[in-house]
Structure formats: structure tokens, C-alpha cells
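Each protein sequence line maps, in turn, to chains A and B.
Each residue of the first sequence is one higher than the last, beginning at 1 in the UniProt record's numbering.
Each residue of the second sequence is one higher than the last, beginning at 1 in the UniProt record's numbering.
Glycine included, each C-beta is placed from N, C-alpha and C at the ideal position.
The block underneath contains the structure these notes are about, expressed in C-alpha cells.
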Amino acid sequence: MVKPTLVTNSIRSRREEAGITQADLAGRIGVTRQTLIAIEQGRYSPTLELAFQIARAFEVGIDDLFQYPED
Amino acid sequence: MVYTERNTWSTLIAAAVIIPGYIVVVLQQAAGGPLTSVDWFPIMLWAIGISIAATIVLSILWGIVAGLRDPKGATTTDVRDRDIDQMGGRVEHSLLVIAGLGVIALCAVGADVFWIANAMFLGFAISTLIGSIARIIAYRRGLI
Numbered sequence: 001m002v003k004p005t006l007v008t009n010s011i012r013s014r015r016e017e018a019g020i021t022q023a024d025l026a027g028r029i030g031v032t033r034q035t036l037i038a039i040e041q042g043r044y045s046p047t048l049e050l051a052f053q054i055a056r057a058f059e060v061g062i063d064d065l066f067q068y069p070e071d
Numbered sequence: 001m002v003y004t005e006r007n008t009w010s011t012l013i014a015a016a017v018i019i020p021g022y023i024v025v026v027l028q029q030a031a032g033g034p035l036t037s038v039d040w041f042p043i044m045l046w047a048i049g050i051s052i053a054a055t056i057v058l059s060i061l062w063g064i065v066a067g068l069r070d071p072k073g074a075t076t077t078d079v080r081d082r083d084i085d086q087m088g089g090r091v092e093h094s095l096l097v098i099a100g101l102g103v104i105a106l107c108a109v110g111a112d113v114f115w116i117a118n119a120m121f122l123g124f125a126i127s128t129l130i131g132s133i134a135r136i137i138a139y140r141r142g143l144i
């Protein structure tokens, strides 16, 4: 069983609000659609570089897109 | 399914068929007698050759089918594929170390060359099998 990450994200809701498909966003940030799906579902923690690329695609800060719980 | 996951499945399927196939052929050749009397080397070479060829053919055929459905994404890889491949590689290496230690132990006790060669062969085969399974689990269940 894979240990779930504590990092959550709001990529899916942001993407749906913006009317962008998974394929479009994946193409913009240079990953496969499967990788984007895995990130949205919390099954893959993106690298810092990829996280910045996703945030930049939505023109928001990285903190607006990824959340980490307080202690 | 992405390019590298398809290739992993091809490797897994080939290994899952070839390993039992090799064991069955060696046991048949022994015909109830001592395994050390079996002429194992040509059987092993055939198993290695068929395994490599089957993996390549399966990957190509699967790639053609995937390319017909999604021409752009058929051979695309990204950072997640590399992360998963590295994780699978670590699993393989750890098993190869165990196999290597087993071979040293067999040499130390003066085991027949049959057991030494087959311990290393099965080490390669099983590490490939388990490494592929680890990669598939990471693709399906996640890599955190």
C-alpha cells in the first residue's frame, strides 16, 4: 500500500473553472495526461519544477494550488 | 497507458512466461534424474534470447496499436516515468545483490556449476519480474 502524501492540490477544480481539458494542461506543462491525472488524484507528488509550471499555467502562486497541513 | 508502462508490461509478460518455461524444460530434461546432469547452457541461452525477442516484439506490436489510437502520445515519456523507472531499478538492484551473494555462497561451498549459473540466471530473471511488478504497482496505485 502506497503511503498517501499530505500534500493536496486544487488543480482539478482550477482546471474545470478555466475550462481546460486534462490533455491541454498536460501538453502545456510537458507531461502525459496520465501523469496529470495521477497528480490531480494525489497519486504522484510532482517535482518542485513541475509544481511551478502547473501554477504558472494557471497564473497563480504555488501556495494557491498546493496545500500542506499545519502541524 | 503510457509508453514506458507498456514496455514494462511487455517485460513482465515475457518474464512471467519464460521463467516457468525454462524451469519446466530443465525438469523435463532431467527426467527425474539429477539436475546437474542436464545440459542447461543451451536451454538458458534460448530462454534469454526468446525473452529479449518476445519483449521487443511485444513492445513494438503494442506500440503500433497505441500509435494508431493516439499518434502523439504513443512514445511520450515524462518525469513521472523516470521516477518510476528509478524506483523499479532500485528494487531490481537489491534483488541482484541478494542473487550475487547467493552465487558467492555457492562458490564457497563448492557447489556444482549448474547451481551457480542457475542461481545467477534466476536472480536476473526474478529481479526483472519483481522490478516490473513494482513499476506496474507504482503506475496503477501511485508513487508518492
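State buried or exposed for residue 3 of chain B, treating a residue as buried only when at least 16 other CB atoms are found within 10 Å of its CB.
-> What you label residue 3 of chain B is simply residue 3 of the second sequence in a count that begins at 1. So residue 3 of chain B counts as buried.
Straight-line gap, residue 103 of chain B to residue 43 of chain A (C-alpha atoms, nearest Å) = Counting from 1 along the second sequence, the entry for residue 103 of chain B is found at position 103. Counting from 1 along the first sequence, the entry for residue 43 of chain A is found at position 43. Using only the alpha carbons, I get a separation of about 38 Å.
My guess is that residue 12 of chain B and residue 94 of chain B are in contact by the Cβ rule of under 8 Å, so how many angstroms apart are they, rounded?
-> Here the question's residue 12 of chain B lines up with position 12 in the second sequence. Here the question's residue 94 of chain B lines up with position 94 in the second sequence. Rounded, the Cβ-Cβ distance is 18 Å, inconsistent with contact.
To the nearest angstrom, report how far apart residue 113 of chain B and residue 31 of chain B are at their CA atoms.
-> As a first step, residue 113 of chain B must be located in the second sequence, where it is residue number 113. As a first step, residue 31 of chain B must be located in the second sequence, where it is residue number 31. Counting only the Cα atoms, residue 31 of chain B lies some 19 Å from residue 113 of chain B.
Buried or exposed for residue 100 of chain B, please, with buried defined as at least 16 other CB atoms from any protein chain shown within 10 angstroms of its CB.
-> Mapped onto the second sequence, residue 100 of chain B falls at position 100. Here residue 100 of chain B is exposed, its C-beta having fewer than 16 other C-beta atoms within 10 Å.
Exposure of residue 139 of chain B, with buried meaning 16 or more beta-carbon neighbours within 10 Å | One-based indexing of the second sequence puts residue 139 of chain B at position 139. Around the Cβ of residue 139 of chain B, a 10 Å sphere holds 16 or more other Cβ atoms; the residue is buried.
What are the uninterrupted segments assigned as alpha helix (DSSP H) that are 4 or more residues long and contained completely in the UniProt domain "HTH cro/C1-type" (11–65) of chain A, given in chain order?
-> The qualifying runs are 11–18, 22–29, 33–40, 48–57 and 62–65.
Does the distance from the C-beta atom of residue 47 of chain B to that of residue 21 of chain B stay below 9 Å?
-> In the second sequence, the residue the question calls residue 47 of chain B occupies position 47. In the second sequence, the residue the question calls residue 21 of chain B occupies position 21. For the 9 Å CB-CB criterion, residue 47 of chain B and residue 21 of chain B form a contact.
Buried/exposed call for residue 13 of chain A, threshold 16 Cβ in 10 Å | Here residue 13 of chain A corresponds to residue number 13 of the first sequence, with the count starting at 1. Exposed, since its Cβ has fewer than 16 Cβ neighbours within 10 Å.
Residue 60 of chain B burial status per 10 Å Cβ neighbour count (16 or more: buried) | Along the second sequence, read from residue 1 onward, the residue named residue 60 of chain B stands at position 60. With fewer than 16 other beta carbons inside 10 angstroms of its own, residue 60 of chain B counts as exposed.
Let me know the secondary structure DSSP gives residue 83 of chain A once reduced to three states.
-> Outside the shown range of chain A (1 to 71) lies residue 83 of chain A, about which nothing can therefore be said.
Go ahead and label residue 38 of chain A buried or exposed: buried means 16 or more other beta carbons lie within 10 angstroms of its beta carbon, across all protein chains shown.
-> Here residue 38 of chain A is taken as the residue at index 38 of the first sequence, counted from 1. Counting Cβ neighbours within 10 Å, residue 38 of chain A comes out buried, since at least 16 surround it.
Give the single residue among A:65, A:66, A:34 and A:56 whose Cα lies nearest to the Cα of residue 147 of chain B.
-> Because chain B here runs from 1 to 144, residue 147 of chain B falls outside it and cannot be looked at.
Extent of the continuous alpha helix (DSSP H) run through residue 134 of chain B | What you label residue 134 of chain B is simply residue 134 of the second sequence in a count that begins at 1. 113–141 is the extent of the alpha helix (DSSP H) around residue 134 of chain B.
From residue 27 of chain B to residue 6 of chain A, what does the alpha carbon distance come to, in whole angstroms?
-> Locating residue 27 of chain B in the second sequence gives position 27, where the first residue counts as 1. Locating residue 6 of chain A in the first sequence gives position 6, where the first residue counts as 1. CA-CA distance, residue 27 of chain B to residue 6 of chain A, rounds to 51 Å.
With 16 as the cutoff for other CB atoms within 10 Å, does residue 61 of chain A come out buried or exposed?
-> In the first sequence, the residue the question calls residue 61 of chain A occupies position 61. Per the 10 Å Cβ criterion, exposed.
Do residue 70 of chain B and residue 5 of chain B have their C-beta atoms within less than 9 Å of each other?
-> Reading the second sequence from its first residue, position 70 is the one you call residue 70 of chain B. Reading the second sequence from its first residue, position 5 is the one you call residue 5 of chain B. No, the Cβ-Cβ distance between residue 70 of chain B and residue 5 of chain B is not below 9 Å.
Anything in chain B within Cβ reach of residue 35 of chain A, meaning under 7 Å, just list it in chain order.
-> As a position in the first sequence, residue 35 of chain A is number 35, starting the count at 1. Chain B residues near residue 35 of chain A: 78 and 80.
For residue 52 of chain A and residue 17 of chain A, the rounded distance between their alpha carbons = As a working mapping, residue 17 of chain A is identified with position 17 in the first sequence. As a working mapping, residue 52 of chain A is identified with position 52 in the first sequence. One C-alpha to the other measures close to 19 Å.
Distance between residue 59 of chain A and residue 121 of chain B (C-alpha atoms, nearest Å) = For this step, residue 121 of chain B is matched to residue 121 along the second sequence. For this step, residue 59 of chain A is matched to residue 59 along the first sequence. Using only the alpha carbons, I get a separation of about 53 Å.
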